[in-house]
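Everything on this sheet refers to the single structure shown next.
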Ligand SMILES: Nc1ncnc2c1ncn2[C@@H]1O[C@H](COP(=O)(O)OP(=O)(O)O)[C@@H](O)[C@H]1O
Ligand SMILES: [Mg+2]
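Residue numbers (my numbering), protein chains in the order written: chain A, 1 to 291; chain B, 1001 to 1270; chain C, 2001 to 2363.
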């Protein structure tokens, strides 16, 4: 059972990580508490649902649609929502309100279009493989596989490419980045696109796995935020590692306590960290920057 | 040096913050290949002038010309690109980038910036990257940080971070360097090295420096021209000798005595 | 104010308080208040309810209504929330002056019954399976069986007919489903079986894999799922995905939502509930072009028994109440209906199952 729980934990953790890394990417470089990340996630799930169920198109087409729409929403949020605020140099609270507003609009739009009732995309049980006592669905294998491709690519992007370095520079010291002449507008746009694509992928996986609801974004974005804090704000891989940890702890906790507390455990973990290790797992690696 | 062209010309520069006149009708010039120093008590408006030149602030009135072109309407990014570099009162570096990356990032617009170049790692981008790396190492050698290239900037000492911030600015190959109190927090021998660095920047690299500095030893030693600023007004300017000839003036406003000496006749830039 | 005026006003007032009935029964339409979750997360229940009610009223009115007066339902949407339900029933009683209100889910019914009790208005629901619904007031009726008897019937069937001895229970985090789960456990153990594990499906969750794995690891020979349609369906789907291919027993969650959610995972699942007559299913299909289901069928019967009660007892709350209690073995499409003095319908559950994506009698 432990092995099965670990595998399940890795799967949920991997999906959380997709969300968390996207959230961290945007949070680290803009300091926006990007709640609308949840809107992108939800929209992706519903796009998939609509294209598969409403238009009867094959899954790969639906996936393409879902990612495209996620990215478009991401761009809209950046260009219409955040950029004007940034250029007017308003407080971060204004960004949060704007982000929340976008989230609520998208959520209610989806309720208007599709109703509040949860929808399933795959009604038939997912195909599952048995390996010894271990059972893993095809979808979950795909999740792990995708993450094994996506995260190393992201690592390469940030470690090796100039864009990656520029994004790290922007996250590290936005003002300085502007002064040394980095094209911050384009960088912010690139970041949102990347973040939205990641949220889109997560939305697709969750939609295929357990279906979509208009409120699915809340949990997803809250877990992402928790992972960003646990994984040390400002350290991108930390968010991913912490998300994996949250997934594992949630699943393994079943060994000791009833499954009903899974949701509570996430926030319990957050509080533990806030009290005993407020800088997160990787806190030591991030010296606080002077003034 | 009076024969030299002026790289920077400031005329009637004024900046109000609400009712506060932080900079009030200031005139000054910085001649090519020279070190021009701005001195004055805290709150005199020195940093504000730097912010106005680099486009971080818009003046209430006045004009700023760089190489005979007005740069008033230009955004900070463009001002940086056309050759005005700046270091800050506190060393500003990208903490979580390596020392080498700090320099690389400062190189002006590159092929690697294009997403597809970055993702596909085209040959052109690859070659450019290699060239940049060589240049970056050269700059690090120039400021004396060559052996720290792969360390994270946050792991450097305060003094090393200052040298790194100078190096970072050099990456954009500026003709005009604005340096805001670069000796703050440096040890004696680091100050000596910094002076040497500044002299090399002007002398062998033919750059122009506009310096804000409190250490009068440094100022008197290396300046070609000094402007004294008090409460936003330029109240005196001249060569170090001129300022030294009127020590009361400096003492009255700065509360420091002048003991700096620079070998007479030494020319920084020929 | 003129003294005369006061007298007239008092007279009017007295007239309404003391003699509301002759006045109202002379009206052209028989108004019936209906409060349901037409929107909101449980809207699908409201939709089933509306389809059953509409079908019955259409038929009754086509046959001339009640003594020549047509039935006019007044629908109020409570969105599934108790507060909205309370305002709705208050409006129906004070503004529309209806003597009877038809309600829906447990949460809203529990909130509305005290109002009906205070205002002496008949209340009836066919959707709430909470054990206390009819007990709460002498004005409160129910036309759907409490889930406990059908769950017990299923447990007996599992132990005696199918020889199951090691039961794993999954229950949804809700007062009524928890009660059922506890009842199932008690009954199964009394019979001599072992309940190897009992795990909760969290209310806000959609991923039930952790409780499922815990149950799986306890090695049961069959699974009982106490949950509503959607959660029960999701649990079945994820059970199968987690490699649990055992006999599933479930609550009365007979609704298309269950099948839509579980897909083929629901096939073979056994549950207990009421039978639905084919004649109703045919009528339903031809009117709505979709398969009929139990909740619509129950409300269909409810509307017919209300019609009988109004015809016999008159269009007053007390008349309706008395006549409903007197109804004996009315041949409804969901079985013979008798409310009795307990005002809670008594019908024997039957064992049903899902086969090829359809609900049917077992064997
Ligand atoms: N952004 C600002 N808003 C308001 N007041 C400012 C701002 N920047 C500087 N000042 C004020 O302008 C005056 C000059 O400041 P500054 O240029 O930093 O002086 P210094 O010569 O010490 O560098 C000070 O009184 C300071 O408080
Ligand atoms: Mg200053």
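We put the CB at the ideal spot given by N, CA and C, even for glycine.
Predicted, not measured: the structure shown is a model, and the values here were computed from it.
Buried/exposed call for residue i, threshold 16 Cβ in 10 Å
i: residue 2207 (chain C); result: buried
i: residue 2294 (chain C); result: buried
i: residue 1177 (chain B); result: buried
i: residue 2181 (chain C); result: buried
i: residue 1192 (chain B); result: exposed
i: residue 1187 (chain B); result: exposed
i: residue 1136 (chain B); result: buried
i: residue 19 (chain A); result: buried
i: residue 2360 (chain C); result: exposed
i: residue 2347 (chain C); result: buried
i: residue 2055 (chain C); result: buried
Spatial distance of residue i from residue j (CA atoms)
i: residue 2156 (chain C); j: residue 2190 (chain C); result: 10 Å
i: residue 2146 (chain C); j: residue 203 (chain A); result: 39 Å
i: residue 256 (chain A); j: residue 2353 (chain C); result: 35 Å
i: residue 2248 (chain C); j: residue 2271 (chain C); result: 9 Å
i: residue 1084 (chain B); j: residue 195 (chain A); result: 34 Å
i: residue 2259 (chain C); j: residue 2095 (chain C); result: 41 Å
i: residue 245 (chain A); j: residue 281 (chain A); result: 11 Å
i: residue 1056 (chain B); j: residue 272 (chain A); result: 42 Å
i: residue 1064 (chain B); j: residue 232 (chain A); result: 44 Å
i: residue 2098 (chain C); j: residue 2091 (chain C); result: 10 Å
i: residue 1098 (chain B); j: residue 91 (chain A); result: 31 Å
i: residue 163 (chain A); j: residue 1108 (chain B); result: 13 Å
i: residue 2021 (chain C); j: residue 2116 (chain C); result: Confidence in residue 2021 (chain C) is poor, its pLDDT being 40 and thus under 50, which makes the residue's placement unreliable; the coordinate value appears in the next sentence. Cα to Cα, the separation comes out at about 18 Å.
i: residue 1094 (chain B); j: residue 169 (chain A); result: 6 Å
i: residue 2229 (chain C); j: residue 2130 (chain C); result: 16 Å
i: residue 2149 (chain C); j: residue 2197 (chain C); result: 22 Å
i: residue 2025 (chain C); j: residue 2340 (chain C); result: Residue placement at residue 2025 (chain C) is poorly supported in this model, since its pLDDT is 40, which falls under 50; the coordinates are not used for a value here.
Coil, strand or helix - residue i by DSSP
i: residue 134 (chain A); result: strand
i: residue 2254 (chain C); result: coil
i: residue 209 (chain A); result: helix
i: residue 88 (chain A); result: coil
i: residue 2149 (chain C); result: helix
i: residue 2139 (chain C); result: coil
i: residue 239 (chain A); result: helix
i: residue 119 (chain A); result: strand
i: residue 2024 (chain C); result: Legend: pLDDT at residue 2024 (chain C) = 42, less than 50; position of this residue unreliable, no value from coordinates given.
i: residue 1151 (chain B); result: coil
i: residue 2121 (chain C); result: coil
i: residue 1006 (chain B); result: strand
i: residue 1070 (chain B); result: strand
i: residue 2103 (chain C); result: strand
i: residue 2170 (chain C); result: strand
i: residue 37 (chain A); result: helix
Residue i: contacting residues in chain A (beta-carbon distance under 9 Å)
i: residue 1104 (chain B); result: 162, 165
i: residue 2263 (chain C); result: 120, 122, 123, 124, 125
9 Å Cβ cut-off: residues of chain B touching residue i
i: residue 75 (chain A); result: By Cβ distance, chain B contributes nothing, its closest Cβ being about 14 Å from residue 75 (chain A), past 9 Å.
Opposing strand residues paired with residue i [DSSP bridges]
i: residue 2361 (chain C); result: C:2352
i: residue 1086 (chain B); result: B:1178
i: residue 1208 (chain B); result: B:1176
i: residue 2335 (chain C); result: C:2332, C:2333
i: residue 1036 (chain B); result: B:1210, B:1225
Within chain C, partners of residue i - CB distance below 7 Å
i: residue 1 (chain A); result: 2213, 2217
i: residue 117 (chain A); result: 2041, 2043, 2044
i: residue 137 (chain A); result: 2241
Contacts of residue i in chain C (Cβ-Cβ under 9 Å)
i: residue 251 (chain A); result: 2209, 2210, 2213
i: residue 128 (chain A); result: 2240, 2241, 2242, 2243
Chain C contact residues for residue i, given Cβ-Cβ distances below 8 Å
i: residue 254 (chain A); result: 2210, 2211, 2213, 2214
i: residue 8 (chain A); result: 2209, 2210, 2213
Interface partners of residue i on chain A, CB under 7 Å
i: residue 1080 (chain B); result: 179, 180, 181
i: residue 1178 (chain B); result: None at all; the shortest Cβ gap to chain A is about 11 Å.
Neighbour list for residue i in chain B, Cβ cutoff strictly below 7 Å
i: residue 173 (chain A); result: 1092, 1094
Listed by chain order, chain B residues near residue i by CB distance under 8 Å
i: residue 270 (chain A); result: By Cβ distance, chain B contributes nothing, its closest Cβ being about 24 Å from residue 270 (chain A), past 8 Å.
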